[in-house]
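2 protein chains.
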Amino acid sequence: MLPRGRPRALGAAALLLLLLLLGFLLFDWRLRGAAALDGDPLAGPRDRNPSDCGPQPPLPPKCELLHVAIVCAGHNSSRDVITLVKSMLFYRKNPLHLHLVTDAVARNILEMLFHTWMVPAVRVSFYNADELKPQVSWIPNKHYSGLYGLMKLVLPSTLPAELARVIVLDTDITFASDIAELWALFAHFSDMQAIGLVENQSDWYLGNLWKNHRPWPALGRGFNTGVILLRLDRLRHAGWEQMWRLTARQELLTLPATSLADQDIFNAVIKEHPGLVQPLPCVWNVQLSDHTLAERCYSEASDLKVIHWNSPKKLRVKNKHVEFFRNFYLTFLAYDGNLLRRGLFGCPSQPPSGAEQLQQALAQLDEEDPCFEFRQQQLTVHRVHITFLPHEPPPSRPHDVTLVAQLSMDRLQMLEALCRHWPGPMSLALYLTDAEAQQFLRFVEASPVLAARQDVAYHVVYREGPLYPVNQLRNVALAQALTPYVFLSDIDFLPAYSLYDYLRASIEQLGLGSRRKAALVVPAFETLHYRFSFPRSKVELLALLDAGALYTFRYHEWPRGHAPTDYARWREAQAPYSVQWVADYEPYVVVPRDCPRYDPRFVGFGWNKVAHIMELDAQEFEFLVLPEAFTIHLPHAPSLDISHFRSSPTYRGCLQALKDEFHQDLSRHYGAAALKYLPALQQPWSPARGS
Amino acid sequence: MLPRGRPRALGAAALLLLLLLLGFLLFDWRLRGAAALDGDPLAGPRDRNPSDCGPQPPLPPKCELLHVAIVCAGHNSSRDVITLVKSMLFYRKNPLHLHLVTDAVARNILEMLFHTWMVPAVRVSFYNADELKPQVSWIPNKHYSGLYGLMKLVLPSTLPAELARVIVLDTDITFASDIAELWALFAHFSDMQAIGLVENQSDWYLGNLWKNHRPWPALGRGFNTGVILLRLDRLRHAGWEQMWRLTARQELLTLPATSLADQDIFNAVIKEHPGLVQPLPCVWNVQLSDHTLAERCYSEASDLKVIHWNSPKKLRVKNKHVEFFRNFYLTFLAYDGNLLRRGLFGCPSQPPSGAEQLQQALAQLDEEDPCFEFRQQQLTVHRVHITFLPHEPPPSRPHDVTLVAQLSMDRLQMLEALCRHWPGPMSLALYLTDAEAQQFLRFVEASPVLAARQDVAYHVVYREGPLYPVNQLRNVALAQALTPYVFLSDIDFLPAYSLYDYLRASIEQLGLGSRRKAALVVPAFETLHYRFSFPRSKVELLALLDAGALYTFRYHEWPRGHAPTDYARWREAQAPYSVQWVADYEPYVVVPRDCPRYDPRFVGFGWNKVAHIMELDAQEFEFLVLPEAFTIHLPHAPSLDISHFRSSPTYRGCLQALKDEFHQDLSRHYGAAALKYLPALQQPWSPARGS
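Protein sequences, first through last, are from chains A and B. So that you can map any letter, position 555 of the first sequence is 555 in the UniProt record's numbering, and since no number is skipped, the others follow by simple counting. So that you can map any letter, position 411 of the second sequence is 411 in the UniProt record's numbering, and since no number is skipped, the others follow by simple counting.
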């Protein structure tokens, strides 16, 4: 029982106690906040785990939208950003809005990537980095990030005026925890603070690294800008735009250039206005720079939050614990991004564009349908990473031709030979897992032949589902071809050494495009031998053919696929000649880039090329065989993708169903003219047949 | 200022306030604890996040050792346990001690796995499930887990007497959070409570699922035993052994058998002794059974902790959110277990056996050494998962032969043909990533030929490092061969259909083992054609040879490797004949299982077989060529692993260094006799040469 009669005293005491308690909590927080500046500045968080109960503020409300800004330019940074985003998505439980400041290359890549990734509760906005250049290009800068690093300075004026808070990240960041915990640190800001930063974990700003080392001014060790919590509203209000420019101009009177881009300027501004900064716990930006002191941080904390690869050596940085950190990075590098398509329970959010229709279509499929796997594969939206490696678009030339093909990991060995045979531009779609994409990257880096070619564009289509989506892959490669003409090839063919030049000359001479709507046929041959001396000319090829060292393509298994090319006539031909479409014809052709797309319903193997040639014929393309052109198929073991299905009767049944549907669509598009194709479509497909 | 003169009143009031505060906290906890029994029993945790500040107890001290017990039997459960352990290790920050109750198969697999995994701060103890069988075999049980499920009941008497607490897990559990948070829930136990459980998330125990459905007795919906917190000390003290047996016997008077194994008995005991149980928050065992009500739990909580695949359909269970959960599971299924070899910062722990010497040896390597990659690869300890798929050891037969070979993903297509050619036991080492191991599993399941064979043992060696560890792979396959003889083959060879029978007959006739120390030579041929009709007899083979459709192996590139087999003599031979070792000889041979191991220093390509044959000769094996034996090499594209290195001069230089070291070792072992091999070892290796 409460003692009666002293209610006032008790009330006052209780109030006092509460105030004391509150005061203690606040005091403790300020201690922590300031830990990076007082005492040992690099010490880890004092508790085992900052999420221990104590003065940690609660996480943001369940469905609060968190904003993240990243500056990204070029092919390599785009790959880095994707790894960063994967790590962020893995741990996140909140909807996210990514604000990406990109150059044209990165925008192209990332727009396609996010569009096809279809991650629920992730919104992406793009901002044109080229437009921001004038705002920072006057600053001389020696840092490897170039102008782009400096763009973090202009985010308050670039991001939407209504956006009050944002987390700004460098591309070389890896999350090891939920970003909502980082967002929660905004709650620590005093009324005046506008920039949350982790202290720099090296002695750089102390200016004692070498003789005459003269860094930009900073408070103590200064701060690292790889992870920034920005109160945009307050910065705008405080006149940030003028503030940082004034400071930068001032310092540049005596300093020749920034060494660490935006970070030098942020530190100089903070030195002048220390009230702006809220120091963050060191675990939120564990810096693995060349001379890092980060060990003082992470050896105390068992709970790492964010890893920052801020050495120019990146993962190759020397550090006795680098293996530990690398394992986090490699986790997300190889992580199957498809697995991040999971939604957030109980957070209503706008589904990604197209996701709802897709969900409905998938829901309507019948799992008992023997062709269920086909239907499901057809509906699968594959994540697409175009120009995975650095790429120079070919100069605009009116008769130029891009070789278009698709492959999976088991045909990687073909690439070097292909590069030797085709000196022109190529657009190749690769069907890979995230882990295989990294193997592919190392493969190209290790090959002088491949590494030297900037005109080969590699587009990674991420694997999902049991059937090889051959025509979807072809369409990705075709859509990314940048020349007026395309040579639609397959990866196991090597073209004549002269083919690239010869095709361009032929296109010009035949007056394609303006006068004639034609598909140029490149006659196809095959060798059954592994070791094989590739013919340098048509004469040499004919000699090999006569000697039985070469055959016309699929001569033994399925001659109908190429018979209409009329090899006998080709032997003698001196000029291009026209041939007629016949059922099952599937030649390798050169067509304008805007030719019909491949029908994506044909997944797995069978009928995928035949249908395309049929559609060219329906569109009244003339088939013109080139007398000096040839391409040769090399032998290979059947791919794993094909061997699963060749022998299955279900597979054949499903293929027939696809063909029927294809014909219905043909009829819809081309009317009575499509009747011509009906007999061809009604023949049963046999495993030996064409593709 | 404190008002003076009323210190007593103030003191009393403060004390009271503190007591009230404490009381409130405790009360709130009990509410939570009981939530699963009162009100809506399946409701999620009331807060957004149980780690929000509130009455959540702190995590265990930084380096506290956590104990986990799992019952595991057979090949398939062993694979499941590994996925569970990967998910646990991914999030854990504490040292762990795993107590594994296993049958002989699982012990064999898991002992090798953990030994080679070398995860710091993980200790593993094994307990013999076969010895526990008599304790539970009297209980009639209809559950698919069989006797093994029931063994959880006897853990208090099986685990070491000094072990007071343990978390018990089913094999079909996936962690999505740090197990230390689960361990922390022990702190909620009242003095009497001994078993922490999550409520069962289905209506099973309500007994209304179908007419005459009569489940075992339970409190309300009962509890699920996929995740158990056990206070072993208290259970022992409370006479658990008698308690559960008494209850089970009692119930079995009227019930014919358990339906859900141990879970029925746990529930019946708890019904009688409700004071034993501490209900746990539902997120710690989200049950995806066939008729699960788990949505009520997870739709509230954004923070899932543990997923339980407790439907017999496992990942194929029908559930509208199954994709979400499957993504967690697939994350760890495909996760590179090597990345979990990271240590715990600041927790001193006994390094795994051999880890320290390994660390020292690695630290002594010189990164500038051009052969650094070779040295590093040689020292790499690969994780090994023996008998990855169900396997029946061959019956003990004195002349039986196991085919031994190794492969990576790009040779998977060879397996079916190999099975058709070799009807006997095989021991195959597969060099795969974790993700590839799953593709391999699906490949075997989809192949009737492979799925039908129980005598083929597949041993997965997990990829790590840039060079193919060919001899380490061969040694794994060789060590797991269970017959007295082995045929040391390569994966791109198909043996004569009769070879298996012929070898056994020859071994018997030649009286190998007891009388003669011999290596039986199987002459090797090659075809350069893909499509090729395999000869049914020596006569047919000779005809193909004469027709130029077959060659002796490496006839064009490196005839020396097999010339000593003396093919001319073989054509005519009617009986086995002896041949002499000559430099570069590398025949395919049949030898006793206890033959010398391959030298693991030869990684990548080159010299790996030649060195082994040299060692057989040094050990005075007689080379006996079999007149009716043959094996044929099929053509294939060069593997990615080889194409990286064939052309590199560094590679050749390093290989020479390896050969020098190999010869030093030979001299050490065999003394002056090894001088014979010096010239062979001093010849430079050329890329066309043998392996």
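Note that CB positions come from ideal geometry on N, CA and C, so glycine has one too.
For E373 of chain B, the enclosing alpha helix (DSSP H) begins and ends at F372 to L379. Close to F324 of chain B, with beta-carbon spacing below 9 Å, are these residues of chain A in chain order: R342, G343 and F345. A543 of chain A carries a helical assignment under DSSP once its states are collapsed to helix, strand and coil. Of the other Cβ atoms in all chains shown, fewer than 16 fall within 10 Å of the Cβ of M192 of chain A; this residue is therefore exposed.
Distances from the CA of N327 of chain A to each of A:R397, A:G343, A:W309 and A:G337 were compared; the closest alpha carbon is that of A:W309.
Interface residue (Cβ-Cβ distance to chain A less than 8 Å): Y462 of chain B is not classified as such. Rounded to whole angstroms, E241 of chain B and D303 of chain A show a C-alpha spacing of 40 Å. Here DSSP, grouped into helix, strand and coil, assigns C72 of chain A to strand.
If you draw a straight line from the Cα of Y127 of chain B to the Cα of L209 of chain A, it comes to about 57 Å. When the Cα atoms are used, L478 of chain A and E111 of chain A turn out to be separated by approximately 18 Å. Listed along the chain, the chain B residues whose CB falls inside 7 Å of the CB of Y530 of chain A are L528 and P635. Contact between the region 630-639 of chain A and the region 489-502 of chain A is present: 3 or more CB-CB pairs across the two stretches fall below 8 Å.
Taken in chain order, the complete beta strand (DSSP E) segments of 3 residues or longer contained in the region 496-569 of chain A are 518-522 and 524-526.
Here the alpha carbon of R601 of chain B sits roughly 8 Å from the alpha carbon of N471 of chain B. For a Cβ distance threshold of 7 Å, residue set D336 of chain B lies close to A334 of chain A, ordered along the chain.
In the structure shown, Q193 of chain A falls within a coil segment according to DSSP collapsed to helix, strand and coil. At a cut-off of 8 Å between beta-carbon atoms, S489 of chain B makes no contact with chain A.
For S299 of chain B, the C-beta contacts it makes with chain A under 7 Å involve F345 and G346, in order along the chain. Apart from the 5 residues on each side of it in sequence, S289 of chain A sits with its Cβ closer than 6 Å to the Cβ of S202, N310 and S311 in its chain, given in chain order.
Residue range M426 to L432 is occupied by the beta strand (DSSP E) that includes L430 of chain B. Note that the C-beta distance between A618 of chain B and A583 of chain B is not below 8 Å.
In this structure, the alpha-carbon of A672 of chain A lies about 30 Å from that of Y651 of chain A. Apart from sequence neighbours up to five positions away, the residues of its chain that approach R383 of chain B with a beta-carbon distance below 7 Å are L113, T116, W117, G337, N338 and Y462, ordered along the chain. The beta carbon of D178 of chain B sits closer than 7 Å to the beta carbons of Y91, R92 and K93 from its chain, once the five residues preceding and following it are set aside; these are given in chain order. Only those residues of the region 405-435 of chain B whose C-beta falls short of 7 Å from the nearest C-beta of chain A are listed: D410, L412, Q413, T433 and A435. Taking a C-beta distance under 8 Å as the contact criterion, L626 of chain B and S498 of chain B do not qualify as a contact pair. With the criterion set as a beta carbon lying under 7 Å from some beta carbon of chain B, the region 257-271 of chain A has no members that meet it. For T331 of chain A, the C-beta contacts it makes with chain B under 7 Å involve L339, in order along the chain. Taking the beta carbon of N327 of chain A as reference, the chain B residues within 7 Å of it are L339 and R342, listed in sequence order.
The three-state secondary structure of I632 of chain B, taken from DSSP, is strand. L520 of chain B sits buried, since 16 or more C-beta atoms from the chains shown fall within 10 Å of its C-beta. For I173 of chain A, the enclosing beta strand (DSSP E) starts and ends at I173 to F175. Secondary structure at N267 of chain B: helix, using DSSP grouped into helix, strand and coil. S190 of chain A and R231 of chain A have their C-alpha atoms spaced approximately 11 Å apart. Distance from the CA atom of E620 of chain B to the CA atom of R316 of chain B, rounded to whole angstroms, is 57 Å.
Rounded to whole angstroms, the separation of the alpha carbons of W570 of chain B and H612 of chain A is 54 Å.
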